[in-house]
Ligand SMILES: C[S@@+](CC[C@H](N)C(=O)[O-])C[C@H]1O[C@@H](n2cnc3c(N)ncnc32)[C@H](O)[C@@H]1O
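In this note's numbering, the protein residues as written are 88 to 325.
Next up, the structure:
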């Protein structure tokens with residue numbers, strides 16, 4: 088890479104050895120090449136971002152599914168919660184989209200995403216926005232709405248998120264399922280939500296209007312589900 092002079096913000100790291108890694112990230116450290124296969128090329132992460140990145144094989148599979156099932160007129164993909172770039176990079180690599188937009192509100196995390204996209208050689212295919220995705224969709228990207236699909240991997244949390252067998256998406260924090268659906272529907276019905284594997288399927292189905300279908304796909308690694316994606320709108324999963 089040519090950007091040896093690129094300065095990481097103070098809360099961004101490329102750990103090189105387990106001894107440098109904070110204790111609560113040590114489990115994730117063991118999976119670093121699953122998270123980013125090019126980890127050793129200098130991947131940047133904030134300590135919080137480790138918990139939320141979509142592992143590369145899962146991100147690639149989602150990108151493949153979205154590419155093959157998106158409505159024909161959809162040429163723009165907006166990653167509303169870009170994080171450190173796990174999904175955004177996979178979408179850009181897929182080659183399906185005329186343009187990929189990545190929105191992230193945390194400055195340091197966005198710097199990670201930009202830097203990581205360079206490592207994967209896809210920086211020229213992505214337009215980045217720093218700020219609140221709901222405002223940016225409403226105020227800056229509205230003109231793209233007729234050609235766009237949204238992918239959203241929101242932060243996961245809320246009462247019972249770790250303990251309940253079936254997670255109540257009405258209580259998801261900071262954004263409930265209903266909030267995400269109603270905000271993103273103002274922009275487009277073509278949306279894919281990346282949600283906890285224990286998500287309440289009845290609640291997902293209640294968001295489907297009339298006789299439309301919705302597809303829920305679990306994404307697994309090493310025989311266990313990491314998460315599910317729910318495909319709304321014109322996505323046509325066979
Ligand atoms: C689970 S992470 C996304 C991980 C990402 N898919 C990846 O693979 O790296 C969720 C991200 O959403 C960001 N976020 C939360 N609320 C946001 C908002 N309103 N607008 C934009 N970004 C937001 C957080 O800062 C966090 O980085």
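In this text, a Cβ means the ideal position worked out from N, Cα and C, and glycines have one as well.
Handout entry: Rounded straight-line distance, which links the Cα of residue 298 to that of residue 116
Key = In the chain shown, the residue the question calls residue 116 occupies position 29. In the chain shown, the residue the question calls residue 298 occupies position 211. Approximately 45 Å, taken between the alpha carbons.
Practice task
Taking only runs that begin and end inside the segment 120-200, name each unbroken beta strand (DSSP E) of 3 or more residues, in chain order.
Solution key: 163-166, 186-191
Practice task
My understanding is that residue 170 touches residue 191, with C-beta atoms under 8 Å, so please give their C-beta distance in whole angstroms.
Solution key: Counting from one through the chain shown, the residue named residue 170 turns up at place 83. Counting from one through the chain shown, the residue named residue 191 turns up at place 104. Residue 170 to residue 191, Cβ: 6 Å. Contact.
Exercise for the section: In angstroms with no decimal places, state the Cα-to-Cα distance between residue 159 and residue 323. Expected result: If you number the chain shown from 1, residue 159 lands on position 72. If you number the chain shown from 1, residue 323 lands on position 236. Going from the Cα of residue 159 to the Cα of residue 323 covers about 10 Å.
Handout entry: Residues sharing a beta bridge with residue 206, DSSP
Key = The residue labelled residue 206 in the question sits at position 119 within the chain shown. DSSP, once it has assigned bridges, lists no residue as partnering residue 206.
Practice task
Say whether the segment 231-240 touches the segment 265-276, bearing in mind that this needs 3 or more beta-carbon pairs closer than 8 Å, one atom from each stretch.
Solution key: yes
Handout entry: Closest by C-alpha distance to residue 220, when choosing among 207, 201, 197, 211
Key = As a first step, residue 220 must be located in the chain shown, where it is residue number 133. Per the Cα distances, 197.
Exercise for the section: Tell me whether residue 91 sits in a helix, a strand or coil according to DSSP, three-state version. Expected result: Against the chain shown, residue 91 aligns to sequence position 4. Residue confidence is low: residue 91 scores 49 on pLDDT, short of 50, so the model does not pin down where it sits. Its coordinate-derived value is still stated next. DSSP places residue 91 in coil when its eight states are reduced to three.
Practice task
Count the C-beta pairs between the segment 115-134 and the segment 285-301 that are closer than 8 Å, then say yes if the count reaches three, no if not.
Solution key: no
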